[in-house]
Amino acid sequence: MEDESVNSQGMLEKPQKDVTFPTTKPKKGFNKLLLLIPLILLLAGGASYWLFFTKPSDTVNNSEITPTPFVQTSSTPTPEPVKKEDIQIQIYNGTGIPGEAALLKTRLEKFGYENIETANADSKDFTAAEVQFPENMDIQAMTEISENLEEYYNDVQVSSSGSGNTVKITTGIRKGYASPTPTKKPTASPTKSPTITGSITPTITPTPSPSVTPAV
1 MEDESVNSQG MLEKPQKDVT FPTTKPKKGF NKLLLLIPLI LLLAGGASYW
51 LFFTKPSDTV NNSEITPTPF VQTSSTPTPE PVKKEDIQIQ IYNGTGIPGE
101 AALLKTRLEK FGYENIETAN ADSKDFTAAE VQFPENMDIQ AMTEISENLE
151 EYYNDVQVSS SGSGNTVKIT TGIRKGYASP TPTKKPTASP TKSPTITGSI
201 TPTITPTPSP SVTPAV
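All letters in the sequence shown, in the order written, are residues 1 to 216 by UniProt numbering.
So, in structure tokens, the structure goes:
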């Protein structure tokens with residue numbers, strides 16, 4: 001028999017049992033989720049910070065923009081090469097050696113230059129060749145003629161002046177050619193007057209008396 005107690009009213013009372021409620025054990029997956037939430041929030045915050053502070057601003061302050069001035073460069077037109085048949089060359093013999101201007105003319109004709117004239121220079125004591133180009137001369141033709149003269153003469157002096165297509169060349173001493181030595185003219189010896197021997201007898205010629213014309 002279970003223990004029974006008699007209350008004040010004489011009635012039997014059964015002893016009360018403790019009532020307990022079932023407790024649920026926390027799930028392991030839930031605990032892991034709780035640990036991941038702060039980590040996810042931290043990563044999300046870092047990503048937001050990076051996107052916000054590293055993304056270039058869409059709004060641009062117009063006061064900070066300095067417009068770059070546009071400089072229009074004018075292109076210098078490239079001159080067309082001058083045809084060799086359009087170049088006129090004047091060759092002057094500056095050494096006095098016969099045929100020097102003609103030799104240079106023949107040499108330049110082999111390179112395609114056709115309009116060539118020859119003449120004698122005012123002076124015949126040139127040792128260095130001289131060439132004068134117009135200032136607007138085609139650079140290719142200038143280079144070719146200058147190099148040709150440097151191969152042919154001991155010394156070449158180049159200058160430029162004026163305009164047009166006329167090239168003036170004065171010949172000098174060619175390479176391998178010795179300067180001509182001036183020849184001395186023979187000096188004539190003075191002739192002696194003949195010596196007269198013996199005595200000379202003077203001849204007296206009578207002088208006629210002048211005639212007097214009476215005045216009229």
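Beta carbons are placed, not taken as given, at the ideal position from N, Cα and C, and that holds for glycine.
- For the 8 Å CB-CB criterion, GLY172 and THR95 form a contact.
- For GLU135, there is no enclosing alpha helix (DSSP H), as DSSP marks it with neither H nor E.
- Looking only at GLY46, GLY112, ILE40 and PHE126, the smallest Cα-Cα distance to ILE169 is reached by PHE126.
- The segment 149–168 and the segment 85–101 touch, with three or more beta-carbon pairs separated by less than 8 Å.
- A distance below 7 Å between beta-carbons, with the five flanking residues on each side excluded, links GLY162 to the following residues of its chain, in chain order: PRO134 and GLU135.
- Rounded to whole angstroms, ARG107 and ALA129 show a C-alpha spacing of 15 Å.
- C-alpha of ASP155 to C-alpha of GLN132: approximately 14 Å in a straight line.
- Going by DSSP, ALA119 is part of the beta strand (DSSP E) stretching over 115–120.
- Comparing alpha carbon positions, the residue from GLY46, SER159 and ASN148 closest to LYS105 is ASN148.
- Annotation: the continuous alpha helix (DSSP H) that includes LYS105 extends over 100–109.
- Taking C-alpha positions only, ARG174 is separated from GLY112 by approximately 21 Å.
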